[in-house]
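Reviewing the structure listed below.
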Amino acid sequence: MTERERGQPERARPGRRWLLLSIQSIVTVALLALLWQVADGGAALAALATANPAWMLAAVLALTLHTLLAAERWRITAGALGLPLTRRLAVREYYLAQLVNSTVPGGVVGDAGRAVRSRGPAGLAVAAQAVVVERFAGQVALLATMAIAVATVVLAPGGLELPAAVAGLAATIALGGAALISLVVAGAFGARLLPGRAGARAADLGRTSAVALVGRRVVGAQLALSAGTTASILAAFAFSALSVGVALPFAAIVALVPLVLLTMLVPITISGWGLREGAAAALLPVAGIAASDALAASVVFGLLGLVAVLPGLLGVWGGRSGDGVRPAATPAPES
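Residue numbers (our numbering): 3 to 337.
Encoded structure:
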């Protein structure tokens, strides 16, 4: 193979990235255009024009609290794995990662950069594990909230009446999440199911998750911080809805909004735009909310999410790689 032929894959990668960006952009615009037609975009725009600044500020504060709590969860997770971080570094890097994730297709580029910049003497492998486990904890908390809430509103007398399709979707997501959680946490079991290197990685991730999430010295903080991050992001969505005159019932906030937010994990649009709005317009009418109001609430939430991560710009100039990383320590065995 010639040098020219060997260089072709490297030159092709930017092309593939631009293709992915183009596809995601087209899907995003197409979904938003479709929603404008089917969810009365004119009414949604009118609601946006009269949004209440006080409730918008409340939403930004709730999103800020979410970032601070998530950064602390990452700091504790990293420390349990032998990568002690200062609180200042954790907050700065978390803001920067969220800013990148909100503006760059893929939704994980910022987290990858966070791992690289925080690696310190412990190394990139440990830093990457800390980031993966921290994100995993956040999604588990959101899934658990949704599962408990859906079960409660379906079974409780006089609760929110969910259509069979919505309840089935929630149950499927919850069961799938539970299966994934079981596979990751039970590392040895995952290793037996997966061959070769994949099995070894599953076992390693399982052991890492056990130490960083449910180790006796961190489990209390992990539970409290994950509950706090979930509550703050759900509150932010509820405040965004109030800003356009929509008071979401508590049952809708805890049972339907997590479903809306989980759609943002599907990487077919830019930062979840279009998917989140479509899910809101489809699901929130179950709670008696007009589709146009649900669309407006989701748009406000997305815009305020961008505002809330603007402090990440300070991370572009603040400090150098590894600044705020204390000397690595070997984590003590957990029972």
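Beta carbons: idealized from backbone N, C-alpha and C, even for Gly. Since we're looking at a predicted model, the values are computed, not measured.
If I'm right that residue i touches residue j with Cβ under 8 Å, what's the distance once you round it to whole angstroms?
i, j, result
"alanine 253", "leucine 286", "About 12 Å; that fails the 8 Å criterion."
"alanine 72", "glycine 140", "6 Å"
"valine 311", "serine 24", "Actually they do not touch by this definition, with Cβ atoms about 24 Å apart."
"isoleucine 272", "glutamine 26", "5 Å"
"arginine 77", "arginine 89", "6 Å"
"valine 259", "phenylalanine 239", "5 Å"
"leucine 250", "isoleucine 291", "7 Å"
"valine 301", "leucine 50", "6 Å"
Looking at the unbroken alpha helix (DSSP H) that takes in residue i, where does it start and where does it end?
i, result
"serine 234", "221-245"
"tryptophan 76", "55-82"
"methionine 266", "Counting along the chain, methionine 266 falls outside any alpha helix (DSSP H), and DSSP gives it neither H nor E."
"isoleucine 150", "126-157"
"leucine 308", "293-310"
"arginine 119", "111-120"
"alanine 48", "43-51"
"alanine 289", "Note, alanine 289: premise wrong, no alpha helix (DSSP H); not H, not E."
"alanine 351", "Past the edges of the chain, shown from 3 to 337, lies residue 351, and the structure says nothing about it."
So, using beta-carbon positions, are residue i and residue j closer together than 8 Å?
i, j, result
"leucine 70", "leucine 144", "no"
"leucine 215", "valine 135", "yes"
"alanine 41", "alanine 281", "no"
"alanine 45", "glycine 84", "no"
"leucine 297", "leucine 37", "yes"
"leucine 34", "tryptophan 275", "yes"
"alanine 99", "aspartate 113", "yes"
"valine 102", "valine 111", "yes"
Pick from the options: whose alpha carbon is nearest that of residue i?
i, options, result
"alanine 48", "Val309, Leu305, Ala299", "Ala299"
"alanine 82", "Val221, Leu157, Val102, Arg119", "Val221"
"alanine 132", "Val40, Val93, Arg116", "Arg116"
"methionine 58", "Val246, Ala282, Ile270", "Val246"
"alanine 180", "Thr147, Val156, Ala238", "Thr147"
"alanine 339", "Pro313, Thr79, Leu316, Leu306", "There is simply no residue 339 to check, as the chain begins at 3 and stops at 337 in what is shown."
"methionine 266", "Ala151, Gly304, Arg121", "Gly304"
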